[in-house]
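In the working numbering, the protein residues as written are 260 to 652.
C-beta atoms are modelled at their ideal positions from N, C-alpha and C, and glycine is treated no differently.
Right, one structure below, let's go through it.
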Amino acid sequence: VPDVLRSSALVETYLSRTAGSARLAEGARSLFPSGITHDARYIEPHGIYVTRASGSRKWDVDGNEYVDYTGGHGGLLFGHNHPDILQAVQDQLVKGLHYGAGSELELEWAEWIQRLVPCAQRVRFTNSGTEATQLALRLARATTGRSKVMRLVGHFHGWHDYAASGFLGQFDGSPACGVPQAVADSVVLVPPGDLAVASRVLEDGDVAAVILEPTGSVWGQVPLSPDYVRGLRQLATDSGAVLIFDEVITGFRCARGGAQEALGVTPALATLGKVVSGGMPGAAVVGRADVFDALDFRRASANGQEKVFHMGTFNASPATCAAGIASLRLVHDTDAVQQAIHYGDGLMDELNDLFQAEAVSWIAYGTYGGFHIFLNPEAATTDRRRIEASEHD
């Protein structure tokens, strides 16, 4: 245990209750770098090892019960093991795991996406949000014939080379570890909320794509003004750049049709993940038909352009399709999206009441039910709405 944690009574209690997880974590360090399979699961002195989950709860190997506020890294809008999704997957498993061919399920899944998402004239399935943003950027470059990508500082778009800088570090645009300088040179990072800077970057006419999280970095950690998003859409349109909303997090959460529905701003392309596949591995790129021509064998040939290369062994695998269909049917048929927003807003209000009662200058804030806690001793207010308004400015 790091020395800085040894004096914490909270950490001591955690250690006393998670001996089984500690043993597994020790064994994992000889198998995986840092003993983990996802950077966000790196926790000192060690993370927990879960044996089962149901609804809003999960249980670890030591029998501890947890309220799960992250829900599978944001992928479980309906909680763990929703009966409709579970039944759909179980029914499919006995019919086959992988066909190596098309299935009716992939058509139905795509039709649900088209029904819900405003920009989804066409759909292409991938296996992760990272793959989806990577493909979206490639489509934008193929469509425009340009090479540069404009991103907002602090916005997360996965771990591929074009997304590695400007999220956890390299805010000056220098290459992240393992990324070639030539790739970093093709990515332009701009400060969120400043349309003047974005305009200057776009006026050169060499930017293929403008990609952003439409409600702000990491689901509104630094919220974006809707007016800024609308302005960016106009700047992208005027310059001929492809506007891409990364809706891996916001899709089917801000509204049934995602942030683009909630904001009333329709991008050229959007990436979807997490909720779209109902807790199974899966994601998608969706958007305008003309941009997707670059992926179409016949249309690309007719347009005199080389087709964009894209494959994936598990794209639209049957079990994932089944889970995705069940998930999106629930999005469409229930008030789960609005209910989640209501619960999140209520939780933020209760937290802020608690912080005020305890006389600590902490603030819970967020948008569309997603919340963050800001530990700011200089803060003069615990009104989350004022904090969000100031972040917009």
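Taking M539 as part of the alpha helix (DSSP H), name the residues at either end of that continuous run.
Taking the sequence shown and counting its residues from 1, the one referred to as residue 539 is at position 280. Where M539 is concerned, there is no enclosing alpha helix (DSSP H), given that its DSSP letter is neither H nor E.
The region 493–511 contacting the region 432–451, beta-carbon criterion three pairs below 8 Å
no
I'd like to confirm the pairing. Which residues does DSSP put opposite D319 in its beta bridges?
On the sequence shown, position 60 is the one that residue 319 refers to. For D319, which the question treats as bridged, DSSP gives the partners V309.
Assigned exposure category for F291 - 16 Cβ within 10 Å defines buried:
Numbered from 1 along the sequence shown, position 32 holds the residue referred to as residue 291. By the neighbour-count rule (16 or more Cβ atoms within 10 Å), F291 is not buried but exposed.
Residues in the same chain with beta-carbon distance under 8 Å from P226, minus the five sequence neighbours each way, listed in chain order, please.
With the chain represented from 260 up to 652, any question about residue 226 goes unanswered, as that position is not in the structure.
Would you say the beta carbon of E462 comes nearer than 7 Å to a heavy atom of the ligand NAP?
Absence of the ligand NAP is noted for the structure shown, with no ligands found whatsoever.
Rounded to whole angstroms, how far is the Cβ of I344 from the Cβ of G532, which I believe are closer than 8 Å?
As a working mapping, residue 344 is identified with position 85 in the sequence shown. As a working mapping, residue 532 is identified with position 273 in the sequence shown. Their Cβ separation, rounded to whole angstroms, is 16 Å, which puts I344 and G532 out of contact at 8 Å.
Proximity below 8 Å, CB of R512 to CB of L336:
Taking the first residue of the sequence shown as 1, we reach residue 512 at position 253. Taking the first residue of the sequence shown as 1, we reach residue 336 at position 77. A contact, by the Cβ cut-off of 8 Å.
Just checking my contact of H569 with L394 at CB under 8 Å: how many whole Å lie between their CB atoms?
One-based indexing of the sequence shown puts residue 569 at position 310. One-based indexing of the sequence shown puts residue 394 at position 135. About 6 Å; that satisfies the 8 Å criterion.
Tell me whether the region 473–480 and the region 561–579 touch, counting them as touching only if at least three CB pairs, one residue from each stretch, are closer than 8 Å.
In the pairwise beta carbon analysis, the region 473–480 is classified as not touching the region 561–579: fewer than three pairs are separated by under 8 Å.
Where do the ends of the beta strand (DSSP E) carrying F384 lie?
Indexing the sequence shown from 1 puts residue 384 at position 125. Its beta strand (DSSP E) spans residues 381–385.
Reference Y358, options F573, H631, E609, closest by Cα:
Stepping through the sequence shown from its first residue, residue 358 is reached at position 99. From the listed residues F573, H631, E609, the smallest Cα separation to Y358 is found for F573.
Around the Cβ of A543, are there at least 16 other Cβ atoms within 10 angstroms (buried) or fewer (exposed)?
Within the sequence shown, the letter at position 284 stands for residue 543. Buried is the call here.
What number of angstroms, rounded off, separates the C-alpha of D327 from the C-alpha of G338?
For this step, residue 327 is matched to residue 68 along the sequence shown. For this step, residue 338 is matched to residue 79 along the sequence shown. In a straight line, the C-alpha of D327 is about 9 Å away from that of G338.
Can you name, in chain order, every residue of its own chain whose Cβ lies under 6 Å from the Cβ of G334, other than the five neighbours on each side?
Taking the first residue of the sequence shown as 1, we reach residue 334 at position 75. Excluding positions up to five away in sequence, the list reads K533, G538.
So, are the CB atoms of E520 and A514 less than 8 Å apart?
Numbered from its first residue, the sequence shown carries residue 520 at position 261. Numbered from its first residue, the sequence shown carries residue 514 at position 255. Against a cut-off of 8 Å, the Cβ pair of A514 and E520 comes out as a contact.
Among the candidates A623, A553, G361, A585, whose CA atom is the shortest distance from the CA of G603?
Position 344 of the sequence shown, counted from the first residue, corresponds to residue 603. It is A623.
Whole beta strand (DSSP E) runs in the region 321–386 with 3 or more residues, listed along the chain?
324–326, 381–385
Tell me whether H631 sits in a helix, a strand or coil according to DSSP, three-state version.
In the sequence shown, residue 631 corresponds to position 372, counting from 1. Note: H631 maps to strand in three-state DSSP.
Three-state secondary structure (DSSP) of W621:
Indexing the sequence shown from 1 puts residue 621 at position 362. W621 carries a strand assignment under DSSP once its states are collapsed to helix, strand and coil.
For my contact list, L356 and A578 are in at a C-beta cut-off of 8 Å; report their separation, rounded to the angstrom.
Within the sequence shown, numbered from 1, the residue matching residue 356 stands at position 97. Within the sequence shown, numbered from 1, the residue matching residue 578 stands at position 319. The pair is a contact, with the Cβ atoms about 6 Å apart (cut-off 8 Å).
Out of curiosity, what's the CA-to-CA distance linking G452 and A312?
What you label residue 452 is simply residue 193 of the sequence shown in a count that begins at 1. What you label residue 312 is simply residue 53 of the sequence shown in a count that begins at 1. Their backbone Cα atoms lie some 39 Å apart in a straight line.
If you pair each beta-carbon of the region 599–613 with each one of the region 549–563, do three or more pairs fall below 8 Å?
no
Residue range of the beta strand (DSSP E) that includes R410
As a position in the sequence shown, residue 410 is number 151, starting the count at 1. Per DSSP, R410 belongs to the beta strand (DSSP E) from 407–411.
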